[in-house]
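Student: Quick one: this structure, given as structure tokens, is what I'll be asking you about.
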Amino acid sequence: MEKPQQPVRRPWVVGVSGASGTPYAAAVIRALLAAGEPVDLVVSRAARLTILDETGIAFRDAHWRDDLAAWLGTAEGLDGVRYWSAGDFAAGPSSGSYPAKGMLVVPATTGAVAGIALGLSKDLLQRAASVTLKERRPLVVCVRETPLNGVTLKHLVELDAQGAVVLPASPGFYAGGSTVGELVGFVAGRVLDAVGVPHTLYRRWEGELGAAARASERSA
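Numbering (my numbering), first residue to last: 276 to 495.
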């Protein structure tokens, strides 16, 4: 009697580049795991410096599980995470035959935007994003920079033309967010909305003016 085949693991690849905004990445990863979605994580070399600067946590290849738990503030769900070094071009997400659902680049530097738009593939993050595009899988690029110059704007238009979702890290206030955590949750939630992953990270617009202000007053 043949053994039943195990379901194929199909993760979301989360690429973290060196832009300021590592709380956005942490919120996205936590929400994916809470939704039961497996995650393949790629942290660029520059992102390690940003994580250290913004959180005080040193993210190390050899101790990634402990460091990720410290960064996320929880070890819950980490069995659903597979970590790939940014310099590993033999990693699963570097190939189109690897069964990923898509990729979320959160946050995205202008350098990562340029590399993905031009197909440079200088590290695994850029290579995995290029693979995502060529395989016609969902790619969300959460760019975190201001102001934007003309060259970056052209690269973002090119990414849009190639099928990516360009999602600036621009929080909305209509959801009633009044704390940093709530505004981070809004951006992370919009990233997940773009790929259809359910979450409860922010209060959705329901067509009622003043609802956000009233919700904030009730929670105060």
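By construction, the Cβ of each residue, glycine as well, lies at the ideal position given by its N, Cα and C atoms.
Predicted model, so just to flag it, every value in this text is computed and none were measured.
Regarding Gly452 and the ligand COA, is the C-beta to nearest heavy atom distance less than 7 Å?
Tutor: Of the ligands one can find in the structure shown there are none, so the ligand COA has no counterpart to examine.
Student: Can you name, in chain order, every residue of its own chain whose Cβ lies under 6 Å from the Cβ of Arg285, other than the five neighbours on each side?
Tutor: Position 10 of the sequence shown, counted from the first residue, corresponds to residue 285. Counting only Cβ-Cβ distances below 6 Å, and skipping sequence neighbours, we find Pro374, Lys376.
Student: Have a look at Thr407 and Arg335 and give me their C-alpha separation to the nearest angstrom.
Tutor: Within the sequence shown, the letter at position 132 stands for residue 407. Within the sequence shown, the letter at position 60 stands for residue 335. About 26 Å.
Student: Terminal residues of the continuous alpha helix (DSSP H) containing Trp480?
Tutor: Indexing the sequence shown from 1 puts residue 480 at position 205. Looking at the DSSP string, Trp480 is not in any alpha helix (DSSP H), and its letter there is neither H nor E.
Student: What residue does the beta strand (DSSP E) around Ser453 start on, and which one ends it?
Tutor: Here residue 453 corresponds to residue number 178 of the sequence shown, with the count starting at 1. Careful: Ser453 lies outside any beta strand (DSSP E) and carries neither H nor E.
Student: Contact between the region 398-405 and the region 298-308: three or more CB pairs below 8 Å?
Tutor: Touching, no.
Student: Can you tell me which of Ser369, Leu316, Arg320, Leu324 puts its alpha carbon nearest to the alpha carbon of Leu343?
Tutor: For the purposes of this step, residue 343 is taken as the residue at position 68 of the sequence shown. Ranking the options by Cα distance to Leu343, first place goes to Leu316.
Student: Got a sec, what are the start and stop residues for the alpha helix (DSSP H) Tyr299 sits in?
Tutor: For the purposes of this step, residue 299 is taken as the residue at position 24 of the sequence shown. It spans 297-309 - the alpha helix (DSSP H) in which Tyr299 sits, taken as one unbroken run.
Student: What first and last residue would you give for the beta strand (DSSP E) that runs through Leu498?
Tutor: Limits of the chain in this structure are 276 at one end and 495 at the other, which puts residue 498 out of reach.
Student: Looking only at its own chain, which residues have a Cβ that is under 6 Å from the Cβ of Ala439, when we skip the five neighbours before and after it?
Tutor: Position 164 of the sequence shown, counting from 1, holds the residue named residue 439. Correct list, in chain order: Leu414, Val416.
Student: Which of the three DSSP states, helix, strand or coil, is assigned to Leu379?
Tutor: For the purposes of this step, residue 379 is identified with residue 104 of the sequence shown, where counting begins at 1. Reduced to three states, the DSSP call for Leu379 is strand.
Student: Quick one, are the C-beta atoms of Ala469 and Arg478 less than 8 Å apart?
Tutor: Here residue 469 corresponds to residue number 194 of the sequence shown, with the count starting at 1. Here residue 478 corresponds to residue number 203 of the sequence shown, with the count starting at 1. No.
Student: If we ignore side chains and look at the alpha-carbon of each, how far apart do Lys429 and Gln280 end up?
Tutor: Counted from its first residue, the sequence shown places residue 429 at position 154. Counted from its first residue, the sequence shown places residue 280 at position 5. In a straight line, the C-alpha of Lys429 is about 46 Å away from that of Gln280.
Student: Quick one: grab the DSSP three-state call for Val418.
Tutor: As a position in the sequence shown, residue 418 is number 143, starting the count at 1. Correct three-state label for Val418: strand.
Student: What three-state label does DSSP hand Gly390 in the structure shown?
Tutor: Here residue 390 corresponds to residue number 115 of the sequence shown, with the count starting at 1. Gly390: helix per DSSP, three-state reduction.
Student: Can you give the Cα-Cα distance for Gly362 and Asp398, rounded to whole angstroms?
Tutor: Counted from its first residue, the sequence shown places residue 362 at position 87. Counted from its first residue, the sequence shown places residue 398 at position 123. Roughly 6 Å between the two C-alpha positions.
Student: State the DSSP-derived secondary structure class of Gly293, mapped to helix, strand or coil.
Tutor: As a working mapping, residue 293 is identified with position 18 in the sequence shown. Looking at Gly293 - three-state DSSP - the assignment turns out to be coil, as it is neither helix nor strand.
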